[in-house]
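Residue numbering for the sequence shown follows numbering that gives the first Met the number 0, beginning at 0 and increasing consecutively.
Quick reminder that beta carbons are idealized off the backbone N, C-alpha and C, glycines included.
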Amino acid sequence: MKTVIGPTQRAFLAELRSYLDGLDAELVDATRAENIEDPMQPREHGRRFLRRLAADGWLGVSWPQEYGGQGRTEIEHWLFAEELYNRRLPNGLLTLNVIGPTLMLTGTEEQKADYLPRIINGELVFAIGYSEPDAGSDLASLRTRAVRDGDEYVVNGQKIWTTGGHVATHYWLAARTGKQEDRHRGVSLFIVPMDAPGITVTPIVTQGGERTTSVFLDDVRIPASQRIGEENDGWSAIVCALNFERMFFHNEPRWELEQLAGWADEHGLLDGESPEAYALQERMGEHAVDVEICRLLALRGASMLAEGKVPVAEASANKIWWGELRQRICDTGLDLIGEEGAIAHGSPYAPAHGHLEHGLQSSPVWRFGGGTNEIQLDMIANQGLGMPR
Numbered sequence: 000m001k002t003v004i005g006p007t008q009r010a011f012l013a014e015l016r017s018y019l020d021g022l023d024a025e026l027v028d029a030t031r032a033e034n035i036e037d038p039m040q041p042r043e044h045g046r047r048f049l050r051r052l053a054a055d056g057w058l059g060v061s062w063p064q065e066y067g068g069q070g071r072t073e074i075e076h077w078l079f080a081e082e083l084y085n086r087r088l089p090n091g092l093l094t095l096n097v098i099g100p101t102l103m104l105t106g107t108e109e110q111k112a113d114y115l116p117r118i119i120n121g122e123l124v125f126a127i128g129y130s131e132p133d134a135g136s137d138l139a140s141l142r143t144r145a146v147r148d149g150d151e152y153v154v155n156g157q158k159i160w161t162t163g164g165h166v167a168t169h170y171w172l173a174a175r176t177g178k179q180e181d182r183h184r185g186v187s188l189f190i191v192p193m194d195a196p197g198i199t200v201t202p203i204v205t206q207g208g209e210r211t212t213s214v215f216l217d218d219v220r221i222p223a224s225q226r227i228g229e230e231n232d233g234w235s236a237i238v239c240a241l242n243f244e245r246m247f248f249h250n251e252p253r254w255e256l257e258q259l260a261g262w263a264d265e266h267g268l269l270d271g272e273s274p275e276a277y278a279l280q281e282r283m284g285e286h287a288v289d290v291e292i293c294r295l296l297a298l299r300g301a302s303m304l305a306e307g308k309v310p311v312a313e314a315s316a317n318k319i320w321w322g323e324l325r326q327r328i329c330d331t332g333l334d335l336i337g338e339e340g341a342i343a344h345g346s347p348y349a350p351a352h353g354h355l356e357h358g359l360q361s362s363p364v365w366r367f368g369g370g371t372n373e374i375q376l377d378m379i380a381n382q383g384l385g386m387p388r
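Written as structure tokens, this is what we have:
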């Protein structure tokens, strides 16, 4: 990796940690408890926390100063997000790390002036409207349709797996404006307020207990000024946003490994010279190395962004490694704990506070959230290794 964490980055981290250590403890504790319970979207305390960071100039670390940011590199931005994640505090997630940077690259000047100040002030929360009941991995087959009507579009259709749809203020919506057979060449992208007439949000609860949603759109009217890019050319902005999203899969595996190591240490399983202790030490060591690889994969992508490059295959590799490693660590934990490991997250009797049980229950989502691993492998082969389709 060409760019490493040097004195500038270390000084930045020291300044950030000093700032975070000095924040109001009551707000931090309430935000952390809320975020551990549901890290997918900031809720009441999370939004207050992000607005506090915004008021102190700590959101948008890599955003240009003209948009209210600190003008640092994507490496510092990634380190900022990682530090907050390690403290189990919200870091802006999709809105700050994905939608904002994509708007800078693909939005009109009017859209940037409207949305970027509100994003960096912590006022807006976006949800993503890509997947549909019949369009997930093959997103180009989506059927939600936007029909031009004067200065507006009228949208009808259904989206599914819209994480945070129940708390978001705005929707990053992909809809078909061309013919069905045009596939990705007939897709446009829009920004829609979630309280727009005709939008209905219904809950979906996954087996891991996370809440996601279905979103129904019935004659929803969207001003043409809220289309991102040209009509039928939304695919490029979708791809841009997905690459940013895959770079900000943070080091959750480190969190799971800490829960596993804490439980094993508490029960004395890492001590002694028995074959079982040696075997567990070896396996834990392998997981620890894999956690560091996870971090280096993400930093490689941040380094490429800092150099003005687009980490397509690299972002896909990060996403795959991240999800599969989380499952391996949770597998190890529940194999070690035994039948008590099945006690659900939230129970006071759950070993390791139930985080490993919850992680394994959630693991199927990691294989398709942000793009299925099979498609990511194709992207690594085609765009990273130059192999034919």
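Whole-angstrom C-beta distance between residue j and residue i, which should lie under 8 Å
i, j, result
"arginine 366", "glycine 300", "Rounded, the Cβ-Cβ distance is 20 Å, inconsistent with contact."
"alanine 174", "arginine 144", "6 Å"
"isoleucine 328", "glutamate 255", "4 Å"
"leucine 19", "arginine 87", "No, leucine 19 and arginine 87 are not in contact; Cβ-Cβ is about 12 Å, not under 8 Å."
"leucine 304", "glycine 233", "Actually they do not touch by this definition, with Cβ atoms about 22 Å apart."
"alanine 314", "methionine 246", "5 Å"
"serine 61", "histidine 44", "The pair is not a contact, with the Cβ atoms about 25 Å apart (cut-off 8 Å)."
Status (buried if at least 16 other CB within 10 Å, exposed otherwise) for residue i
i, result
"valine 288", "exposed"
"asparagine 317", "buried"
"valine 186", "buried"
"valine 191", "buried"
"serine 346", "exposed"
"lysine 178", "exposed"
"aspartate 146", "Strictly speaking, residue 146 in this sequence is valine, with aspartate absent from that position. Burial call: exposed."
"alanine 236", "buried"
"threonine 7", "exposed"
"glycine 385", "exposed"
Alpha-carbon to alpha-carbon, residue j and residue i
i, j, result
"glycine 369", "asparagine 242", "9 Å"
"aspartate 113", "isoleucine 127", "19 Å"
"glycine 218", "glutamate 285", "Reading off the sequence, residue 218 comes out as aspartate, not glycine. About 53 Å."
"phenylalanine 125", "serine 17", "29 Å"
"phenylalanine 48", "glycine 307", "31 Å"
"leucine 12", "alanine 29", "23 Å"
"threonine 2", "threonine 72", "With a pLDDT of only 48 at threonine 2, under 50, the local geometry of the prediction cannot be trusted, and the value read off the model is given with reservation. Answer to the nearest angstrom: the Cα atoms are 11 Å apart."
"proline 274", "valine 204", "42 Å"
"isoleucine 221", "glycine 353", "43 Å"
"alanine 260", "tyrosine 84", "19 Å"
"threonine 201", "arginine 282", "42 Å"
"glutamate 265", "aspartate 133", "47 Å"
"proline 387", "arginine 142", "29 Å"
"threonine 162", "arginine 9", "34 Å"
"methionine 0", "isoleucine 379", "In this prediction, methionine 0 scores a pLDDT of 45, lower than 50, which makes its location untrustworthy; the coordinate-derived value is nonetheless stated afterwards. If I take the Cα positions, the gap works out to 18 Å."
"arginine 46", "tyrosine 170", "17 Å"
"leucine 296", "tryptophan 320", "9 Å"
"proline 363", "histidine 357", "12 Å"
"isoleucine 74", "isoleucine 4", "8 Å"
Residue nearest to residue i in terms of C-alpha spacing, selected from the options
i, options, result
"lysine 111", "Leu92, Tyr66, Gly135 and Asn120", "Tyr66"
"glycine 228", "Leu104, Glu209 and Ala305", "Leu104"
"glutamate 14", "Trp57, Ala32, Val27 and Arg31", "Trp57"
"arginine 325", "Glu291, Leu298, Gly337 and Glu33", "Glu291"
"isoleucine 98", "Leu123, Ile198 and Glu81", "Leu123"
"glycine 91", "Lys158, Leu296 and Glu244", "Glu244"
"phenylalanine 215", "Glu109, Tyr129 and Gly385", "Tyr129"
"glycine 164", "Glu180, Gly135 and Ile198", "Ile198"
Contact check, residue i vs residue j, beta carbons under 8 Å
i, j, result
"threonine 371", "cysteine 239", "no"
"alanine 390", "asparagine 120", "In the structure as shown, the chain begins at 0 and stops at 388. Residue 390 is therefore absent and cannot be evaluated."
"leucine 26", "arginine 51", "yes"
"leucine 269", "alanine 278", "no"
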